[in-house]
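Novice: Numbering (this note's numbering), first residue to last: 49 to 182.
We put the beta carbon where it would ideally sit given N, CA and C, even for glycine.
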Amino acid sequence: MGKLKIIMLLPFLLIGMMMSAGCGSAKDKGIEGTWILVEEFDKNGKKTSSDELEKMGISEKYEISGKEVKYTCELPLAKKPVEITFELADLGNGSYEFKMPKGYTFASVNLDGDTFTYEVGDGDNYSKMVFERQ
């Protein structure tokens with residue numbers, strides 16, 4: 049009788065294990081990790097792709113761990129990479145802020161799975177930045 053109960057419960061155990069393995073989806077990972085700029089949109093919605101950014105020599109990366117956000121930007125005009133460290137503020141529901149010292153918000157970030165976006169500038173200098181988890 050004990051073997052029969054185990055055989056009957058086995059399918060339920062397997063289903064439970066498969067469902068719990070799915071719980072580690074991209075939405076559950078949070079914002080920690082390495083993020084690479086993959087596209088940028090200007091005020092008119094014109095997209096600059098990752099290939100175009102690469103051809104221009106532009107590279108942006110965030111490395112996020114705990115409350116620390118390390119930003120690295122490489123530009124053709126800069127002799128060495130620009131590096132800035134921010135503090136991460138978790139606002140809940142996939143919203144975050146990258147804060148500079150003294151509380152100034154550098155970026156208000158929206159996380160959606162393995163992509164986060166934020167907007168910078170205004171008017172002619174507006175850009176929407178799109179980063180993907182590496």
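1. Lys95 by DSSP, collapsed to three states: which one?
2. With respect to the beta strand (DSSP E) encompassing Gly140, which residues constitute its N-terminal and C-terminal limits?
3. Do Leu85 and Gly105 have their C-beta atoms within less than 8 Å of each other?
4. Check whether the Cβ atoms of Phe179 and Thr163 lie closer than 8 Å to each other.
5. Quick check: the segment 90-99 against the segment 128-148, are there 3 or more CB pairs under 8 Å?
6. Have a look at Cys121 and Leu136 and give me their C-alpha separation to the nearest angstrom.
7. Give the range of the beta strand (DSSP E) segment to which Glu122 is assigned.
8. Buried or exposed: Lys75, going by 16 or more other Cβ atoms within 10 Å of its Cβ?
9. Identify whether Lys150 lies in helix, strand or coil by the three-state DSSP scheme.
10. Give a yes or no on whether the C-beta atoms belonging to Asp160 and Gly171 are separated by under 8 Å.
11. In terms of residues, what are the limits of the beta strand (DSSP E) holding Asp90?
12. Specify, as a first and last residue, the run of the beta strand (DSSP E) that Tyr166 falls within.
Specialist: If we stick to the structure as given:
1. strand
2. 130-140
3. no
4. yes
5. no
6. 18 Å
7. 116-122
8. Its pLDDT being 47, under 50, Lys75 is placed unreliably by the model, and the measurement read from it follows with that caveat. It is exposed - the Cβ of Lys75 has fewer than 16 other Cβ atoms within 10 Å.
9. helix
10. no
11. 81-90
12. 163-168
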